[in-house]
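Below: the structure, in structure tokens.
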Amino acid sequence: MYILAYSILTPLIAVFLPMVLNNENGWLITILMSMLGIIFSVTNLIEKRDKIAIIVLVANIGVFIYSIFATINYWTN
């Protein structure tokens, strides 16, 4: 149960982290934290295969893709 909570909270914190830090390190930490969220989601999916675990894994993959595009956009502008 705690892994599910970690896999939900970690990407939420990661998305808003660059707004708080307001520098390029925030974007790098966002990518790393979204990867950590994917690891938590995969661990949760291995433990129990339910619909919530699959939804959280797909959401974490979406956050990871968003963080990559946002980081590239930040560095090119």
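Numbering (the numbering used here), first residue to last: 38 to 114.
Just so you know, even glycine gets a beta-carbon here, dropped at the ideal spot from N, CA and C.
Other residues of its chain near residue i: CB distance less than 6 angstroms, five sequence neighbours each side excluded
i, result
"Lys12", "In the structure displayed, the chain extends from 38 to 114; residue 12 sits before or after that span and is not available."
Straight-line gap, residue i to residue j (C-alpha atoms, nearest Å)
i, j, result
"Met70", "Pro55", "12 angstroms"
"Glu84", "Asn114", "42 angstroms"
"Met72", "Tyr103", "12 angstroms"
"Thr108", "Val57", "15 angstroms"
"Tyr111", "Phe53", "15 angstroms"
Test item: CB-CB of residue i and residue j under 8 angstroms
i, j, result
"Asn81", "Leu49", "no"
"Ile98", "Ile75", "yes"
Cut-off 7 angstroms between Cβ atoms - residues of its own chain near residue i, not counting five sequence neighbours on either side
i, result
"Val79", "Leu94"
"Ile45", "Val93"
Chain-order list of residues whose beta-carbon lies under 8 angstroms from that of residue i (same chain, five-residue window excluded)
i, result
"Ile105", "Ile68"
Does the region 88 to 97 come within contact of the region 53 to 68, defined as at least 3 CB pairs closer than 8 angstroms? No: the two stretches stay apart, fewer than three of their Cβ pairs being nearer than 8 angstroms.
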